[in-house]
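Taking it in order: structure first as structure tokens, then the write-up.
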Amino acid sequence: MSSLTTAIQQAELDWMIQDGVEIPVSRQFGDVYFSKANGLAETRHVFLQGNELPARLAQLQSHQYFCVGETGFGTGLNILALWQLWQQCRPDNHSRLHVITVEKFPLSRDGLQRALAAWPELTELSRQLIDQYPPALPGCHRLVFANERFSVDLWLGDAADCLPLIQTSHPVDAWFMDGFAPKCNPELWQDNILKHLIRLSAPGTTFASFSVAGVVKQGLRQFGIKVTRPAGFGHKREMLKAWWLTPTTNDVLITVAPTKNLPKIAIIGAGIAGLSMAHALATRGYACDLYDQTAPLAGASGNPRALLAPKLVPLAKFASNLMNLGGLFSLRYWQQFKGVVEKTGIVHVLDKRVEQELEKASAYPHDILTGLGAVQTSTQISQPVSCSSLWFKQAGLINPHALAQVILQNPAIYQHQAAISHIQALDLATQNASWQLLNSQQETLGMYDHVVICTALNSPLLCQRLPALKPIRGQVSWFTQAGDAPPLPIPVTYGGYMAQLHPPASHESTILLGASFIRQDDQTDVRLADHQHNLDLIKAIAPTLAHQFPAISQWQGRAAIRAQSPDYLPLAGQIAGRHGLWTLSGLGSKGFSFAPLCAELICAQLLGEVWPVPQPVIDSIKPGRFLENSKAHHL
Ligand SMILES: Cc1cc2nc3c(=O)[nH]c(=O)nc-3n(C[C@H](O)[C@H](O)[C@H](O)COP(=O)(O)OP(=O)(O)OC[C@H]3O[C@@H](n4cnc5c(N)ncnc54)[C@H](O)[C@@H]3O)c2cc1C
Ligand SMILES: C[S@@+](CC[C@H](N)C(=O)[O-])C[C@H]1O[C@@H](n2cnc3c(N)ncnc32)[C@H](O)[C@@H]1O
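The sequence shown begins at 2 in the numbering used here and counts up by one.
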């Protein structure tokens with residue numbers, strides 16, 4: 002059974018004291034993670050120098066992407082040492098450093114904190130890493146340190162299950178082979194692992210390890226890798242330094258590729274999809290033109306708050322569930338901006354299949370998700386209710402307006418108010434670009450190498466190779482109440498949702514209620530009937546609370562249209578048969594969970610990077626999937 006479909010088992014640790022400092026020892030493997038006397042120095046010698054990283058990183062050109070792979074994340078010491086080196090030697094340009102690492106037995110957050118306390122000079126970097134350290138759930142967790150031009154894909158699961166799922170448009174440039182010693186951890190050094198390290202590499206890739214065991218040397222040599230054994234650290238006689246020979250040179254490590262002209266990129270639509278795309282590009286140092294026919298957040302994305310509310314899937318499906326991976330990513334990612342994310346947790350009240358849902362939830366670690374009986378639920382939400390619930394601790398609210406404001410401050414994002422009516426293919430033989438944007442008067446608004454269509458319901462109008470999207474009208478309602486009204490300590494979902502918002506420095510709070518769900522209706526007028534619907538939903542679970550609300554005639558509201566794909570998954574990626582034409586649309590009811598991670602994926606595909614989600618997920622959201630299905634159907 003794949004480790005990606007079962008619960009993650011955390012590292013079991015003993016602690017020993019060396020030089021007055023606690024050092025973690027793995028009970029699973031009977032080996033120390035590092036030695037206090039020389040752990041950091043050994044990392045620098047073996048992995049950083051062994052891959053010649055000080056020189057290679059220092060000479061990166063602008064927009065160049067460098068990827069390090071690691072087997073065995075452990076305490077993250079190697080990655081922190083790499084990050085520190087990156088801070089010391091990175092050129093002042095738009096180059097970036099990315100790490101892929103795998104871990105079968107992650108340390109708990111407390112364990113990580115305790116282990117990394119051994120390295121005072123890394124305290125600030127450790128703090129940032131621990132801040133983003135993901136919960137013990139299987140799959141790929143992308144951690145982005147945008148101001149550092151540094152990111153990490155931490156795959157939780159057995160390397161033998163994770164490595165085959167990794168896809169990349171950029172080979173790993175340098176490997177840290179850092180399992181425990183081969184005699185106590187043989188499975189991390191076997192051919193089935195090495196085979197994937199090679200698959201993810203290319204001529205010029207380098208490999209370093211503290212181990213010169215025969216299995217490692219021979220394993221690499223059988224793939225044509227040149228293996229050498231320079232002096233090891235301290236009293237160790239040897240270490241392993243190896244590289245994949247390039248066709249032109251026998252012994253020189255990879256040289257950097259020349260910088261190409263930067264692509265011209267346009268994004269159409271400035272909802273959460275377009276904003277996430279623009280932000281992902283801008284943080285990579287790529288400028289873009291962002292078009293909206295009205296204004297940013299004019300469509301479905303402009304509600305006062307959006308919920309990052311996970312959906313309970315069996316744990317076995319978590320690692321391939323885009324909504325949940327995306328929701329966790331959004332929470333982490335947007336936390337870089339003050340005032341955008343409120344990590345409140347969310348209580349989901351259960352009204353059907355209660356036993357099954359509680360059973361499903363019990364497979365999850367308790368610091369992520371807990372099932373609550375009716376009494377506990379009532380305590381948790383400070384309201385008497387008669388239902389059980391699920392308390393998602395890794396969930397929260399997002400303020401789209403605060404988010405748009407910070408994103409749009411980025412000087413690499415050029416905003417334009419214009420409705421695009423047509424995207425015309427250009428002849429590359431005579432033109433310097435692939436696509437031309439036109440308005441309804443057939444005037445050219447710009448010419449681009451890449452265009453990303455993020456216009457929700459209108460996306461199929463701009464490219465007929467996209468499937469029709471279904472409109473689903475939704476209205477949120479809100480009203481203000483005085484400070485002495487009963488507080489709602491945590492957002493609650495129940496088919497609808499309710500959250501209490503506290504504007505800073507105000508004695509009042511706003512109660513936000515969502516949301517109506519009317520298929521095949523694309524009108525955005527605010528209706529009393531929808532307010533009533535939202536009231537009825539909350540009345541059904543908390544009548545006492547609902548009774549205290551002002552009359553719906555005093556409520557405010559906002560209606561907008563969700564754009565739903567035929568299979569309820571986004572359309573994200575390059576449009577089949579249209580080089581340079583991309584889309585991020587069809588986000589349905591969960592755009593705030595889907596958009597940022599899908600934007601990372603599109604950037605990775607467009608710019609040539611490591612892809613942040615497993616292969617089956619990528620296949621499930623590619624925009625051409627319906628074309629393929631209909632072709633197969635007609636064969
Ligand atoms: C009532 C309601 C509540 C919701 N609650 C949540 C929630 O709590 N959590 C969550 O994750 N999701 C929620 N959703 C869903 C979420 O809002 C959507 O999934 C998300 O906003 C879709 O983002 P988008 O960028 O694809 O589309 P939109 O936000 O609709 O943006 C599309 C943009 O494209 C522009 N545009 C269209 N055509 C053109 C053109 N031809 N040229 C130029 N510009 C164009 C529009 O002006 C618009 O700004 C809710 C939706 C509704 C309606
Ligand atoms: C020597 S430690 C790594 C130390 C780490 N690089 C650091 O900087 O702290 C080896 C790590 O590999 C992990 N590991 C062992 N077997 C594994 C496997 N099959 N898949 C993924 N990780 C594995 C162990 O749990 C352990 O955390």
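Ideal Cβ positions, reconstructed from N, Cα and C, are used throughout, including at glycine.
W392 has its alpha-carbon roughly 38 Å from the corresponding atom of T295. Put simply, the backbone Cα of K353 is about 21 Å away from that of L514.
Here the distance from the Cβ of A405 to the nearest heavy atom of ligand 1 is not below 6 Å. By the Cβ-count criterion, V376 is exposed, with fewer than 16 other Cβ atoms from all chains shown falling within 10 Å of its own Cβ. A distance below 7 Å separates the beta carbons of P597 and S277.
Around the beta carbon of H236, fewer than 16 other beta carbons lie within 10 angstroms, which makes this residue exposed. Annotated three-state conformation of E23 is strand, per DSSP. When DSSP states are grouped into helix, strand and coil, P121 belongs to the helix group. In the pairwise beta carbon analysis, the stretch 48-55 is classified as touching the stretch 198-213: at least three pairs are separated by under 8 Å. The alpha-carbon separation between A299 and A317 amounts to approximately 38 Å. Looking at the DSSP output, D15 shares a beta bridge with V26. Distances from the alpha-carbon of V26 to those of Q549, T76, Q410 put T76 closest.
A residue is called buried once 16 or more other Cβ atoms fall within 10 Å of its Cβ, and T380, having fewer, is exposed.
Within the stretch 78-166, the alpha helix (DSSP H) runs of at least 4 residues that lie entirely inside it are, in chain order, 78-90, 110-117, 124-133, 160-163. Secondary structure at H280: helix, using DSSP grouped into helix, strand and coil.
Annotation: the stretch 321-364 contains the following complete segments of the alpha helix (DSSP H) (minimum length 4 residues), in chain order: 323-334, 355-363. Collapsing the DSSP output to three states places Q442 in coil.
When C-alpha distances from L98 are compared across P366, P624, V145, the shortest belongs to V145. For A405, no beta strand (DSSP E) run applies; the uninterrupted alpha helix (DSSP H) run containing it begins and ends at 401-409, by DSSP. By the criterion of at least three beta-carbon pairs nearer than 8 Å, the stretch 601-609 is in contact with the stretch 274-293. For P401, the closest C-alpha among the options L429, V341, G270 is that of V341.
Per DSSP, P468 lies in no beta strand (DSSP E) segment and is marked neither H nor E. DSSP assignment within the stretch 545-572 yields no whole alpha helix (DSSP H) run of 4 residues or more. For H423, the enclosing beta strand (DSSP E) has its first and last residue at 423-426. Scanning its chain for C-beta atoms nearer than 7 Å, with the 5 sequence neighbours on each side dropped, one finds around Q555 the residues F480, in chain order. Using a 10 angstroms sphere on the CB of D15, the tally of other CB atoms stays under 16, which defines it as exposed.
Counting only residues of its own chain and dropping the five nearest sequence neighbours on each side, A281 has a CB closer than 8 Å to the CB of P597, A600, E601, I603, C604. The continuous stretches of alpha helix (DSSP H) do not include K242, which lies in the beta strand (DSSP E) extending over residues 241-245. Segment contact: the stretch 301-312 against the stretch 557-567, three or more CB-CB distances shorter than 8 Å; contact assigned.
Of H46, M448, M499, the smallest CA-CA separation from L291 is found for M448.
Listed in chain order, the beta strand (DSSP E) runs fully inside the stretch 267-312 are 289-293, 307-309, counting runs of at least 3 residues. In the DSSP assignment, R520 is bridged to I473.
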